[in-house]
Structure formats: C-alpha cells, structure tokens
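Taking it in order: structure first as structure tokens, then the write-up.
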C-alpha cells in the first residue's frame with residue numbers, strides 16, 4: 024500500500040460503517056459515500072489534498088479534494104464560489120460535495136497539467152503564439168469571475184490547468200479558496216494575500232484588492248511565460264518583509280527594471296491600462312483581449328489550439344515511431360514500416376487543423 028493511502032487511512036475514523044470509514048486490510052480500496060473511489064494522489068499542501076478518483080456508477084475519472092475538519096476551512100468557500108461561477112469559461116465543473124467521516128470532500132472535473140509544469144517541460148519559456156492563445160482564454164475567465172462579484176487573489180501559473188481529454192485545449196482557473204467578494208473601494212491595511220511574485224502593486228501597498236489587481240497579476244504571469252522569469256525574482260534580503268519591499272520597488276519602476284524588454288508593446292499597454300485604474304473601476308476586458316488578438320493576427324498565427332507542448336509531444340511521438348521502425352527494419356530486414364499518421368488523443372485534442380506539417384516560426388518548431 025502506498026504511503027499516501029496509508030496516511031489517509033490513518034486519518035479515517037473507524038466509528039462509521041460506510042465508505043472509506045470502514046476499517047479493514049491495507050489493500051482495501053478507499054471509497055467515499057460508495058460514490059467515488061480514490062486512486063492516486065495528485066498533489067496537496069496546507070489547503071488540503073487532491074486525488075484522482077473514479078465515479079463508481081459510470082467509471083468517469085474525477086478529481087477529489089479532501090480537507091480535514093480540524094483544518095481551517097477554505098474548501099467550503101471554494102465550493103460556494105465554484106457553484107456561483109458554474110458554466111463560465113475556464114471554470115471546472117463540480118460534481119458533488121459533502122462530508123465523509125472527518126473530511127470535507129469536493130468531487131470536480133479532472134484536469135491536466137498546470138502551466139508551471141508545462142513551462143518547465145518547454146524549456147522555461149513559451150513562444151509568443153502560445154502566450155497569446157493562453158491570454159485569449161484567461162482574460163474571459165477572469166472577466167467572468169470578476170463579473171460575479173469575486174476576485175481571485177492568487178493568480179499564478181500553478182492555478183491555471185489545461186483540461187483533460189476532449190477539453191485538452193482549454194485552460195481552467197483553479198484553487199479559488201482565497202477568492203473573496205469584491206469589497207468597497209478605499210478599504211486599507213490588508214496584509215499581502217496570494218503569491219508575492221505575481222501580486223499587484225496595490226496588494227503590496229495594503230489596499231483592498233479589486234478586479235484591476237487580478238488583471239495586473241495576470242499581466243505579470245503572461246510576461247513570465249514569455250520571458251521565463253520576472254525582474255524581481257532572485258532578490259536577496261534579510262527578511263521576507265524587506266524582500267517584499269524590494270519587489271514592490273521594482274514593480275513600481277517596471278520600465279527601469281526591464282519588465283517589457285524585448286517583448287511586444289501590447290504587454291506594456293496592457294499593464295498601463297490596469298495600473299491606471301482606481302479600485303472602483305472595471306478593467307476594459309474587451310480592449311485587453313483585442314490588444315492581444317490584433318497582435319496574434321499581425322503575426323500570422325492560426326487559432327489551431329496547437330501550443331508549444333503540443334508540438335514537443337508530437338515530435339517526441341515521431342521520434343518514438345522512428346526508433347520503433349528502425350528496430351523493426353533491423354530485425355526483419357524489410358524497409359516497409361509505415362508510420363502512423365494519427366496523433367495520440369492526449370497530445371492534440373481535435374485541433375482545427377489536422378495537417379501534420381512542421382514549419383519554422385519565431386525560431387521554434389510549431390505545427
């Protein structure tokens with residue numbers, strides 16, 4: 024039995040008879056309300072644990088988030104917000120939520136890798152095309168969140184996940200446990216909430232966050248994808264407080280610190296717009312999305328949903344086939360190996376263009 028499953032089982036109470044609460048051998052499967060079966064751990068931390076599981080009635084794969092009742096509850100807030108955001112672009116579906124023994128549980132749509140992991144896979148930088156494809160989906164997602172009266176407050180690549188299966192080309196915004204309702208403008212003295220690297224200037228200054236701050240953070244994330252890092256990474260300081268002050272200073276002097284160096288002007292225009300807003304002003308989401316869409320068209324890109332990692336995985340697939348064919352030729356002495364022209368479903372999911380054509384674009388091999 025794996026360590027994580029043993030750890031979870033140790034927490035289950037044996038006072039109940041149903042589902043995961045039954046006591047038994049270590050090889051016994053862990054079930055929740057006889058609805059879901061836990062299969063493997065996907066991740067976790069201070070805000071709970073996430074597992075891949077299966078809906079027993081249909082066999083559908085799902086994700087299950089567990090939070091112990093003794094821990095401060097962010098999951099209940101997350102469930103409430105997800106239900107209000109339901110149906111919006113880039114919002115994962117919630118299938119079920121409830122309690123099992125000493126745990127709060129949420130079953131939701133199983134997603135793919137997060138964008139930080141994909142950035143590592145792609146050599147720590149995304150091409151301009153990939154960044155613009157992501158921006159085109161993420162801006163409407165945050166517009167939807169903000170339009171429902173919420174701010175995310177923890178915008179970062181780890182909280183942006185690609186879909187799975189037929190939704191593999193869609194980007195989803197997750198981990199909204201820190202989200203809150205938009206407050207009245209002018210409230211101050213709030214501690215910095217979220218991830219310092221992507222926090223807005225106003226968040227550093229202790230101002231109550233509003234939609235402008237989500238969009239400012241998104242701008243930093245997009246530039247991070249394009250550049251591979253941000254100018255305030257790696258700063259040395261004696262204390263976290265001092266480090267946050269140094270980061271704030273660099274963000275306030277974005278031009279001087281090289282934030283927009285060697286990238287299209289549209290990213291600077293994006294930041295200038297959101298930084299110019301008062302807390303009670305709404306970002307012009309249409310303008311921001313149009314900025315990037317116009318740039319996309321000028322570059323001659325296609326909306327084919329082919330991201331950098333799609334191309335890399337396709338190339339790996341071709342290399343694997345070539346190696347297999349070479350072994351076959353060596354073994355049989357016949358040069359009649361036929362390479363499959365079908366891509367694995369998890370590599371490119373129903374792209375609008377099915378051409379298996381590689382072309383050179385911006386120094387990167389793209390499909």
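Numbering (the working numbering), first residue to last: 24 to 390. Every residue gets a Cβ at the ideal spot worked out from N, C-alpha and C, and that includes glycine.
In this structure, residue 216 keeps its C-beta atom at 8 Å or more from the C-beta atom of residue 230. If only complete runs of 4 or more residues are kept, the stretch 270 to 315 shows the alpha helix (DSSP H) at 288 to 298, in order along the chain. Counting the other CB atoms within 10 Å of its CB gives residue 304 a total below 16, which places it among the exposed residues. When only Cα atoms are considered, residue 307 and residue 198 end up about 25 Å apart. Nearest to residue 63 by C-alpha distance, out of 89, 57, 346, 56, is 89.
If you draw a 10 Å sphere on the C-beta of residue 242, you find 16 or more other C-beta atoms in it, and that means buried. Look at the beta carbons and you see the stretch 95 to 110 touching the stretch 118 to 132: at least three pairs across the two are nearer than 8 Å.
Ranked by Cα distance from residue 176, the options 239, 158, 145, 154 are led by 239. With contacts defined as CB atoms closer than 8 Å, residue 269 and residue 277 fail to qualify as a contacting pair. Residue nearest to residue 219 within the set 280, 271, 186, 290 is 271 (criterion: CA-CA distance). Under the three-state reduction of DSSP output, residue 322 falls in the coil class, being neither helix nor strand. In the DSSP assignment, residue 175 is bridged to no other residue.
Between residue 286 and residue 253, the C-beta gap is not smaller than 8 Å, which leaves the two residues out of contact. By the Cβ neighbour-count rule, residue 144 is exposed, with fewer than 16 other Cβ atoms within 10 Å of its own. In the structure shown, residue 120 adopts extended strand secondary structure according to DSSP, grouped into three states. At the C-beta level, residue 245 and residue 195 stay beyond 8 Å of one another.
Beyond the five residues adjoining it in sequence on each side, residue 343 comes within less than 8 Å, by CB distance, of no other residue in the same chain.
In the structure shown, the three-state DSSP call for residue 132 is strand. Taking C-alpha positions only, residue 221 is separated from residue 206 by approximately 21 Å. Rounded to the nearest angstrom, the gap between the Cα atoms of residue 223 and residue 237 is 8 Å. Spanning the alpha carbons of residue 76 and residue 52 requires a straight line of approximately 11 Å. Between the alpha carbons of residue 155 and residue 316 lies a distance of about 7 Å.
Residue 137 is bridged by DSSP to 184. In the displayed model, residue 196 falls within a strand according to three-state DSSP.
For residue 280, same chain residues with a beta-carbon under 6 Å away, outside a window of 5 residues either side, are 254, 273 in chain order. Residue 72 is classed as buried because its beta carbon has at least 16 other beta carbons within 10 Å across all chains shown. Membership of residue 77 in the beta strand (DSSP E) is indicated by the continuous run 71 to 78. One thing to note: residue 115 has its Cβ within 8 Å of the Cβ of residue 132.
Residue burial annotation: residue 214 is exposed, with fewer than 16 other C-beta atoms found within 10 angstroms of its C-beta. For residue 239, the uninterrupted alpha helix (DSSP H) run begins and ends at 234 to 250, by DSSP. Annotation: residue 67 to residue 151 spans about 31 Å, alpha carbon to alpha carbon.
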